[in-house]
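**Student:** Structure below; questions to follow.
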Amino acid sequence: MTETRSDWTMGGTQIQRRRCTRCGVEHYLFVAACAECGSTNFAFEEIRGDAALRAVTVIHRAPHSELQALTPYAVAIAETPDGLRLIGHTSVSSSIGDRAAIGLKNFGGRPMPYFAVYP
Amino acid sequence: MSTSWIRGAGLTPFGSQQAESTLSLMHQATQLALQDADIDVTVIDGVICGYSTTMPHLMLANVFAEYAGIRPQICHGMQVGGATGLSMIALAHAIVSAGRAENILVVAGENRLTGQTRDMSIQTLAQVGHDTYEAALGLTVPAYYALLASEYYHAHKITERDAAEFAVLMRAHAARRDGAHLNSPISIDDVLASKAIALPLRLLDCCPISDGGAAVVVSKSSNKAAQIRVRGSGQAHQHQHLTAIKDIDNVGALTALNRACADGKITIADTKYAAIYDSFTATLVILLEEIGLAPRGKAAAFAREGFFGQTGKCPLNLHGGLLSYGHCGVAGGMAHFVEAYLQLSNRAGARQCPEPDIALIHADGGVMSAHVSVFLERVH
């Protein structure tokens, strides 16, 4: 557990969550204050292990031509066993309810969260 | 009793209007609204306007006021995504009810279709997602809503065929509304055969990108022809980003509605006409079911039974909604309000539904992020 963010969004190799040190609620998106209790103190820790896919879309119309070349690609919202929801790429053959391993994988030349579905 | 009245409203045709700009579309709608309100522009003492993606400006309301020959004492621009139109009405209502202005012009317009390339429009709108965590994944607004739809449909056993009911219904309604962007009839099979955008959403599950404008005058005094007042309003803003949604069955729509009911001392069962935001078929399904106009998983069945038709128990978006009247941004959301106002005023012509006295208008902005509910009432 660390007090500063050092994950993939900052060029690191981890995916991190931030836990409010006052009320214990966890946040995935970077926020400056906890909406549950107002605290501005967070501890950062790595998200590892498995998650279950809760929402999946397969994108056929990309926002621009560079990404259009990569279509179809799939994006999912996944939930960790302790209830944290995060967003990342996944396989186009994945379905809601699938279990996946949380990791990072390049998309469009940059590492991003990827949920590798177990066969 | 402090209240505010809808004095008049104006709506331009939506679709492709190559020769128009943000300001000219706002002005067209303003002129229609002033004419409808039967007031001179000189009595407008407040201007509240919505953003335009084709004309980002530090002070659009002031730019527009100057353009339209208005010197208001209150002048605001607002940005609440798709909920901007209703947020502006709610704010105008609060200001007029408090006695701080007498005639507020609420206005929006945008040449979203012809004022920029399609890719530019899609990329600008995609910024409603988180730049680092969401938009960077190659997501678009349809993709954000597709994620919502996939989870919601799965939880409530809703099929793509079910949701397609609303694309067909909105198109049928638009056929009776002059000025609609899309008015050729479509079938469920057409929707299911249309090209994949972000599954489960296909092209005909998505609203078009349009040019257009809308304006509403919120006043201290009513229009002589029809007395329509704001009965109550409520809002909820629980998150901004899709990934921050904790519960797909509690995105804020019901909270906003409950606040509007408490404000207006009214219940949803009093609703005789519904104007619900419909950026995608999935948007409409989720909103109808969370606010309780249909039970969970049953909105499509209600649509099939005619519940939301012109002569149904709760006529819905009789102008054709964003899905078919069209979507030019803030004015797209205001078109729902204008239609509710016309229906309550008994001035909707061939698409008039039987004597509504209470209308519910609900909009969401972002990705189910901002919710505003407003009840309008016809006073006899």
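Residue numbers (the working numbering), protein chains in the order written: chain A, 3 to 121; chain B, 1259 to 1638. Yeah, the Cβ is synthetic: ideal placement off N, Cα and C, and Gly gets one too.
Can you look up B/TYR1325 in the DSSP assignment and give me helix, strand or coil?
**Tutor:** DSSP places B/TYR1325 in helix when its eight states are reduced to three.
**Student:** As a quick exercise: from B/GLU1613, B/VAL1426 and B/LEU1450, pick the residue whose alpha carbon is nearest that of B/THR1529.
**Tutor:** Among B/GLU1613, B/VAL1426 and B/LEU1450, the Cα nearest to that of B/THR1529 belongs to B/GLU1613.
**Student:** Report yes if the C-beta distance between B/LEU1574 and B/ALA1532 is below 8 Å; otherwise report no.
**Tutor:** Result yes, Cβ atoms of B/LEU1574 and B/ALA1532 sit closer than 8 Å.
**Student:** Is B/ILE1332 helix, strand or coil by DSSP?
**Tutor:** Correct three-state label for B/ILE1332: strand.
**Student:** Would you please verify whether the beta carbon of B/HIS1629 is less than 8 Å from any beta carbon of chain A?
**Tutor:** No, no contact with chain A.
**Student:** Would you list, in sequence order, the uninterrupted beta strand (DSSP E) runs of no fewer than 3 residues that lie entirely inside the stretch 1340 to 1401 of chain B?
**Tutor:** Listed in chain order, they are 1361 to 1369.
**Student:** In the DSSP assignment, find the beta strand (DSSP E) that holds B/CYS1464 and state where it starts and stops.
**Tutor:** Careful: B/CYS1464 lies outside any beta strand (DSSP E) and carries neither H nor E.
**Student:** Which residues in chain B sit within 9 Å of A/TYR75, going by Cβ to Cβ distance?
**Tutor:** Correct list: LEU1395 and GLY1396.
**Student:** What are the boundary residues of the beta strand (DSSP E) that B/MET1428 is part of?
**Tutor:** Taken as a continuous stretch (DSSP letters only), B/MET1428 belongs to no beta strand (DSSP E), being part of the alpha helix (DSSP H) at 1418 to 1432.
**Student:** Which chain A residues are close to B/SER1408, counting only those with a beta carbon under 8 Å from its beta carbon?
**Tutor:** Within chain A, the residues near B/SER1408 are ALA57, VAL58, THR59 and ILE98.
**Student:** Residues of the stretch 18 to 35 of chain A in Cβ contact with chain B at a cutoff of 7 Å, in chain order, please.
**Tutor:** Here the close residues are TYR30 and LEU31.
**Student:** Using alpha carbons as the reference points, say which of A/GLY51, A/GLN70, A/GLN18 and A/PRO74 lies closest to A/VAL94.
**Tutor:** Out of A/GLY51, A/GLN70, A/GLN18 and A/PRO74, A/PRO74 has the C-alpha closest to the C-alpha of A/VAL94.
**Student:** Would B/GLY1308 and B/ALA1366 be called neighbours here (beta carbons separated by less than 8 Å)?
**Tutor:** Cβ atoms of B/GLY1308 and B/ALA1366: closer than 8 Å.
**Student:** Which runs of the alpha helix (DSSP H), 4 residues or longer, sit entirely within the stretch 32 to 91 of chain A?
**Tutor:** Segments of the alpha helix (DSSP H) lying fully in the stretch 32 to 91 of chain A: 67 to 70.
**Student:** Quick one: list the residues of chain A neighbouring B/ILE1380, beta-carbon separation under 7 Å, in chain order.
**Tutor:** Ordered by position in chain A, the residues that pass the 7 Å Cβ test against B/ILE1380 are PRO65.
**Student:** Between B/PRO1330 and the rest of its own chain, which residues show a CB-CB distance below 7 Å, the 5 nearest in sequence each way excluded?
**Tutor:** Correct list, in chain order: ILE1302, ASP1303, GLY1304, VAL1305 and ALA1323.
**Student:** If we ignore side chains and look at the alpha-carbon of each, how far apart do B/ALA1617 and B/GLU1423 end up?
**Tutor:** One C-alpha to the other measures close to 22 Å.
**Student:** Do you know how far the Cα of B/GLY1340 is from the Cα of B/LEU1576?
**Tutor:** Cα to Cα, B/LEU1576 sits roughly 19 Å from B/GLY1340.
**Student:** Which first and last residues belong to the alpha helix (DSSP H) in which B/SER1282 is found?
**Tutor:** First-last of the alpha helix (DSSP H) with B/SER1282: 1280 to 1295.
**Student:** Whose C-beta lies closer than 7 Å to the C-beta of B/ASN1369 among residues of the same chain, with five residues either side of it excluded?
**Tutor:** The answer, listed in chain order, is GLN1275, GLU1278, SER1279, THR1280, LEU1283, THR1312 and ASP1469.
**Student:** Which parts of the stretch 1479 to 1528 of chain B are runs of the beta strand (DSSP E), unbroken and 3 residues or longer, counting only runs that do not cross its ends?
**Tutor:** The stretch 1479 to 1528 of chain B contains these whole beta strand (DSSP E) runs: 1486 to 1495.
**Student:** Of the residues that make up the stretch 44 to 55 of chain A, which ones have a beta carbon closer than 8 Å to any beta carbon in chain B?
**Tutor:** Residues: none.
**Student:** List in chain order: all unbroken alpha helix (DSSP H) runs of 4+ residues lying wholly within the stretch 1553 to 1592 of chain B.
**Tutor:** Within the stretch 1553 to 1592 of chain B, the complete alpha helix (DSSP H) runs of at least 4 residues are 1557 to 1562 and 1579 to 1582.
**Student:** For the beta strand (DSSP E) holding B/VAL1305, just list the boundary residues, first then last.
**Tutor:** Where B/VAL1305 is concerned, the enclosing beta strand (DSSP E) stretches over 1304 to 1308.
**Student:** Just list the residues that DSSP pairs B/ILE1616 with in beta bridges.
**Tutor:** Beta-bridge pairing links B/ILE1616 to B/GLU1635.
**Student:** Anything in the stretch 80 to 98 of chain A with a Cβ closer than 8 Å to a Cβ of chain B? List those residues in chain order, please.
**Tutor:** Per Cβ criterion, the list reads ARG87, LEU88, ILE89, GLY90, HIS91 and ILE98.
**Student:** Return helix, strand or coil for B/SER1468, following the three-state DSSP convention.
**Tutor:** DSSP places B/SER1468 in coil when its eight states are reduced to three.
**Student:** Measuring straight from C-alpha to C-alpha, what distance separates B/ILE1380 and B/PRO1400?
**Tutor:** Answer to the nearest angstrom: the Cα atoms are 9 Å apart.
**Student:** Excluding the five sequence neighbours on either side, which residues of its own chain have a C-beta within less than 7 Å of the C-beta of B/ILE1353, listed in chain order?
**Tutor:** GLY1304, ILE1332, ALA1359 and ILE1362, listed in sequence order.
**Student:** Strictly below 8 Å CB to CB, what residues from chain B border A/PHE109?
**Tutor:** Under the 8 Å cutoff, chain B gives LEU1395 and GLY1396.
**Student:** Could you check where the alpha helix (DSSP H) with B/ILE1549 kicks off and where it finishes?
**Tutor:** Looking at the DSSP string, the run of the alpha helix (DSSP H) that includes B/ILE1549 is 1539 to 1549.
**Student:** Enumerate in chain order the residues of its own chain whose CB-to-CB distance from A/GLN16 is below 6 Å, with the five nearest sequence positions on each side excluded.
**Tutor:** These residues qualify, in order along the chain: ASP9 and GLU48.
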